[in-house]
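Residue numbers (my numbering): 203 to 592.
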Amino acid sequence: AFAEADRDLLVDAAAQLLRAVQSEQVFRAVERAKYEHQRFYAAATMLGQALTPEQVMETAFDAARAIVDYDAGVITMYDRESKKHRVHAVRRFDQASTIIDDKSLIDLEFRDNAGLVSMVVKNRHYLPATGELRDVSVPVFNKKIDLSDVKSLLVIPLLSADEPIGTLTLFANAEKRFGKDVREMLSVIANQVATSLQNGFLYRKMETMATTDGLTGLTNHRTFQQKFADLLDRADRHGYRVAMLLCDVDHFKKVNDNYGHPVGDEVLRRVAKVLQDVPRKIDVPARYGGEEFAVLLDNVSAEQARAVAERIRIEVSKIVVETEKGPLQVTESIGVALFPDDGRDRAVLIERADLALYHAKHTGRNRVVSYQEFAATRSNSAPVETKKAS
């Protein structure tokens, strides 16, 4: 039998063992909290570096991944006026190939009351409450998207000033991936995502206002000059041509005088639409000033530049603006200068496109004239003025 001294010794040893176990538990809790705080800080830092909405969305997936090991993510945005949700970003990791079809999700649009995403936006709280999709018959986005293989699921609202602007949905192959602590951290991160998205949309709007013309939506004069300089620098390095088209609406002053400025503005908007539609996406159409427009054509020959200018001229001549005085049609004259054939300096190219445009105006209007054509017919008896007739 144990003696009383032995019993007392065992009681003391047990108490000491208890204190050691408790200390280890506290230490593990502190280490876990430290690790979680590190992950949270890393996620928050990522979001703080994103500027555009697209950057924020991509960073949101990385930030969530810093907190929990999930297999796929989807970001939707909610339009309060139309009451529609739309998928704006999808991130899928290799192991997620069996649980979601990202092709069916990209740009998916669905109305309210379609599933969990709609419920989360309305309730302003994440679902499912446990992070487990127990009833696979409940749609997440709409009934067409099959997510029956998903084991763990979490749909988190993106709240900005307590207003829902969308959702962040995370999927995982494994069960019980989104525990209580993870759900709480992800909810905080989601709020930061929402704020960053709103800032991103504001940044995009300010950037657009700073770089585009308010009436036509084309690149403004200052931004055009910057892009022109960059384009010439790149063309010089790689040894290809760049064309500048200087376009001017014929008799535009008469349009304003006879039909009024609102009709004149509509004419400019219609011409701008042609300049957006005819060139390629890589080309740069801009409002140069007043009724004058410019287009930069990247990596083209003289023949290609002239062909584009002719298409623009023809499409502008098809414009018909209905007015109180009847239908109005306009035409456009275009001058073309080519780098490096007509000059290597930006100012020289602008001047020579201007001279070609001047020649088009004074030889009948509704014409395309290149600087080479102008130079071939230029009189040697007197210098040519650059002031253009309307």
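Note that beta-carbon positions come from the ideal geometry of N, C-alpha and C, so glycine has one too.
Predicted model, so just to flag it, every value in this text is computed and none were measured.
Residue i, enclosing beta strand (DSSP E) - first and last residue
i: Gln531; result: Gly528 to Gln531
i: Ala487; result: In the sequence on display, residue 487 carries Pro and not Ala. Element bounds for Pro487: Val486 to Gly491.
i: Leu417; result: Note, Leu417: premise wrong, no beta strand (DSSP E); not H, not E.
i: Phe430; result: Premise fails: Phe430 lies in the alpha helix (DSSP H), His423 to His440, not in any beta strand (DSSP E).
i: Thr600; result: Nothing in the structure corresponds to residue 600, since the chain is present only between 203 and 592.
i: Val522; result: Val522 to Thr525
i: Lys286; result: Lys286 to Arg294
i: Val340; result: Segment: none, Val340 is in no beta strand (DSSP E) and carries neither H nor E.
i: Ile367; result: Glu365 to Ala374
i: Phe204; result: Where Phe204 is concerned, there is no enclosing beta strand (DSSP E), given that its DSSP letter is neither H nor E.
i: Ile301; result: Counting along the chain, Ile301 falls outside any beta strand (DSSP E), and DSSP gives it neither H nor E.
i: Asp500; result: Glu494 to Asp500
i: Ser362; result: Ser354 to Ser362
i: Leu448; result: Val444 to Val451
Span separating the alpha-carbon of residue i from that of residue j
i: Phe263; j: Leu420; result: 33 Å
i: Phe343; j: Met411; result: 34 Å
i: Arg293; j: Ile358; result: 16 Å
i: Gln227; j: Gly381; result: 20 Å
i: Arg537; j: Arg313; result: Note that residue 537 is Gly in the sequence shown, not Arg. Cα to Cα, Gly537 sits roughly 50 Å from Arg313.
i: Pro542; j: Leu434; result: 9 Å
i: Asp479; j: Ala507; result: 15 Å
i: Phe576; j: Val550; result: 15 Å
i: Ala291; j: Phe403; result: 15 Å
i: Val586; j: Gln428; result: With a pLDDT of 49 at Val586, under the threshold of 50, the modelled position of this residue cannot be trusted; read the value that follows with caution. Answer to the nearest angstrom: the Cα atoms are 28 Å apart.
i: Pro481; j: Phe495; result: 13 Å
i: Asp544; j: Thr247; result: 50 Å
i: Glu206; j: Phe229; result: 35 Å
i: Lys346; j: Gly333; result: 22 Å
i: Val469; j: Leu557; result: 24 Å
i: Ala374; j: Gly250; result: 26 Å
i: Val384; j: Gly492; result: 57 Å
i: Tyr573; j: Arg554; result: 6 Å
i: Gly275; j: Arg267; result: 10 Å
i: Asp208; j: Ala215; result: 10 Å
i: Arg221; j: Asp210; result: 17 Å
i: Ser320; j: His287; result: 8 Å
i: Val465; j: Val523; result: 8 Å
i: Thr588; j: Arg580; result: In this predicted model, Thr588 has a pLDDT of only 47, less than 50, meaning its place in the structure is not dependable; the value taken from the coordinates is given anyway. Cα to Cα, Thr588 sits roughly 13 Å from Arg580.
i: Asn582; j: His561; result: With a pLDDT of 49 at Asn582, under the threshold of 50, the predicted position of this residue should be treated as unreliable, though the coordinate-derived value follows. Distance between the alpha carbons of Asn582 and His561: 15 Å.
i: Glu283; j: Ser519; result: 38 Å
i: Gln218; j: Asp337; result: 49 Å
i: Asn424; j: Lys407; result: Residue identity differs from the one stated: residue 424 is Arg in this sequence, not Asn. Straight-line Cα distance between these residues: approximately 17 Å.
i: Val457; j: Gly566; result: 18 Å
i: Ala203; j: Ser225; result: 33 Å
i: Asp467; j: Met259; result: 37 Å
i: Lys593; j: Tyr461; result: Outside the displayed span of the chain (203 to 592) sits residue 593, for which this structure offers no information.
i: Lys285; j: Tyr328; result: 19 Å
i: Glu256; j: Glu409; result: 14 Å
i: Asp364; j: Lys563; result: 59 Å
Residue interval of the alpha helix (DSSP H) (run including residue i)
i: Glu409; result: Lys382 to Thr413
i: Leu307; result: Asp304 to Leu307
i: Tyr461; result: Phe454 to Tyr461
i: Leu318; result: Leu318 to Asn325
i: Ala509; result: Ala504 to Ser519
i: Tyr272; result: It is not in any alpha helix (DSSP H) - Tyr272 carries neither H nor E in the DSSP assignment.
i: Phe576; result: Tyr573 to Thr579
i: His561; result: Arg548 to Lys563
Sub-8 Å separation of residue i and residue j beta-carbons
i: Gln394; j: Ser362; result: no
i: Leu447; j: Leu388; result: no
i: Leu360; j: Pro366; result: yes
i: Val497; j: Asp485; result: yes
i: Asp405; j: Thr261; result: Going by the sequence as given, residue 405 is Tyr instead of Asp. No, these two residues do not count as a Cβ contact at 8 Å.
i: Leu540; j: Ala445; result: yes
i: Ile301; j: Val352; result: yes
i: Val570; j: Glu505; result: no
i: Arg548; j: Phe430; result: yes
i: Thr369; j: Thr278; result: yes
i: Asp452; j: Asn568; result: yes
i: Arg471; j: Thr418; result: yes
i: Pro330; j: Leu349; result: no
i: Phe295; j: Asp273; result: yes
Anticipated Cβ contact below 8 Å, residue i with residue j, distance rounded
i: Glu534; j: Val473; result: 7 Å
i: Leu307; j: Val289; result: 5 Å
i: Cys449; j: Ile521; result: Between Ile521 and Cys449 the Cβ distance is about 13 Å, and since that is not below 8 Å, they are no contact.
i: Arg489; j: Asn422; result: 6 Å
i: Arg443; j: Val502; result: 6 Å
i: Tyr280; j: Val323; result: 5 Å
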